[in-house]
Structure formats: structure tokens, C-alpha cells
Amino acid sequence: MSGSGLRSGQLADAAGVNQQTLRYYERRGLLASPQRSPGGHRLYPAESVTLLRVIKTAQRLGFTLNEVADLLDAGQHHHGGRPDSGLQARAREKLIEVEQKLADLTVIRDTLRAAIAAGCDDLVACAGSSCCPLPFAELVERNDRADTC
1 MSGSGLRSGQ LADAAGVNQQ TLRYYERRGL LASPQRSPGG HRLYPAESVT LLRVIKTAQR
61 LGFTLNEVAD LLDAGQHHHG GRPDSGLQAR AREKLIEVEQ KLADLTVIRD TLRAAIAAGC
121 DDLVACAGSS CCPLPFAELV ERNDRADTC
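Residue 1 is where the sequence shown starts when you use UniProt numbering, and the numbers rise one by one after that.
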């Protein structure tokens, strides 16, 4: 790749990231260090655009950069390998996490809607009211039970 390849700015633009992201991904080992042009410019292979898009998509799906690195590593080293080491297993695990977050967010949403409908305006006053929809009373009861156990 003597003179061919994408410069940092070209790659960043094509992949929808900034140049600092490229360098960060290089330091993290997600993106291979590029070759240099005779003038010292970083030159990345065209496939780097796809790799960066894959990384950003995986992040949007909730994968951490460490998890993305593991997925990329599993993909490079286990083509057709163990079914528990690649995207399928990791996607199932991530789906369980997302479904739990959704369940938690649904409870939060419903509780906030109830607080709005009840006209709750003061957390301290609401905490002492038996008609408050917020879970203060529930928490107090749990703490009282914990103290007596």
C-alpha cells in the first residue's frame, strides 16, 4: 500500500467519527496502526471504514468497547468455532440486559406518571403521605422489617 489508502480525515468522514476517535481506537487495539505515506500521513486501508461502522453500530446496540473488542477478536479467531464465543451468545446476553433495563424503565415511567397524576409536588411531604404513589412507604416498610429481623 505504497501510496494508496485513506488519510485520517478521509476515514473519519467516511465512517462518521472524528480523528481523535481513530487514535483512541488505535490505542485500544480496535483499529490497527496505519501505514505512513512518504510525507508521514497516516494511511488506512479502505476496509477500516467498515470496521469503524461495525464498532459504532455495536456501541449503539449497547456493547461496551471492551465487549466490542472481544466480539472482533472472536470473529477473527473463531470463524465457525464454538457457538458460545461469538456474536450469537453475546447478543443473547446483551438482549437479557436490555430487557431488564426496559422492565426497570417501565416501572420508573409508570411511577412517574402516577406521581404527576397525583399532583406530587414536594418529595418530603409526599414521602409522609399514605396516598403518595412514589415507593417511599414501601422502602420505609422494608427498612423497618430489616431492623426487626
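Using N, Cα and C, we set each Cβ at its ideal position, and we do this for glycine too.
Bounding residues of the alpha helix (DSSP H) (the contiguous stretch that carries residue i)
i, result
"GLY5", "Looking at the DSSP string, GLY5 is not in any alpha helix (DSSP H), and its letter there is neither H nor E."
"ASP122", "Taken as a continuous stretch (DSSP letters only), ASP122 belongs to no alpha helix (DSSP H), as it is neither H nor E."
Nearest-angstrom Cα separation, counted from residue j out to residue i
i, j, result
"ARG18", "TYR25", "What sits at residue 18 in the sequence shown is Asn, not Arg. Taking the straight line from one Cα to the other gives about 11 Å."
"ARG90", "GLN35", "32 Å"
"LEU30", "GLY16", "16 Å"
"LEU65", "ARG53", "13 Å"
"GLY10", "SER48", "It should be noted that the sequence gives Gln, not Gly, for residue 10. The straight-line gap from Cα to Cα measures roughly 11 Å."
"residue 156", "GLY39", "This structure leaves residue 156 out entirely; the chain is present only between 1 and 149."
"ASP147", "ASP70", "Because the pLDDT of ASP147 is 48, which lies under 50, any placement of that residue in the model is unreliable, and the number read from its coordinates should be weighed accordingly. When rounded, the distance between both Cα atoms is 45 Å."
"LEU102", "THR50", "30 Å"
"GLY62", "LEU95", "9 Å"
"ALA115", "THR21", "42 Å"
"GLY128", "ARG28", "51 Å"
"residue 231", "ARG7", "With the chain covering 1 to 149 only, the question about residue 231 has no answer from this structure."
"ARG23", "ALA74", "23 Å"
"HIS41", "ASP104", "48 Å"
"CYS126", "GLU93", "39 Å"
Buried or exposed by the 16-neighbour rule on C-beta atoms within 10 Å, applied to residue i
i, result
"GLY86", "buried"
"CYS149", "Residue placement at CYS149 is poorly supported in this model, since its pLDDT is 41, which falls under 50; the coordinates still yield a value, given next. So CYS149 ends up on the exposed side."
"GLY5", "buried"
Any non-hydrogen atom of the ligand HEM within 6 Å of residue i CB
i, result
"LEU11", "This structure does not include the ligand HEM; it has no bound ligands of any sort."
Simplified DSSP assignment, three categories, for residue i
i, result
"LEU43", "strand"
Sequence-distant residues of the same chain with beta carbon closer than 8 Å to residue i, five excluded per side
i, result
"MET1", "Only weak support is given to the placement of MET1: the predicted model assigns it a pLDDT of 42, under 50, and the question is left unresolved by the model."
"ALA117", "PRO133"
"ARG113", "none"
Contact set for residue i: own chain, Cβ-Cβ below 6 Å, skip 5 residues either direction
i, result
"VAL68", "ILE55 and ALA58"
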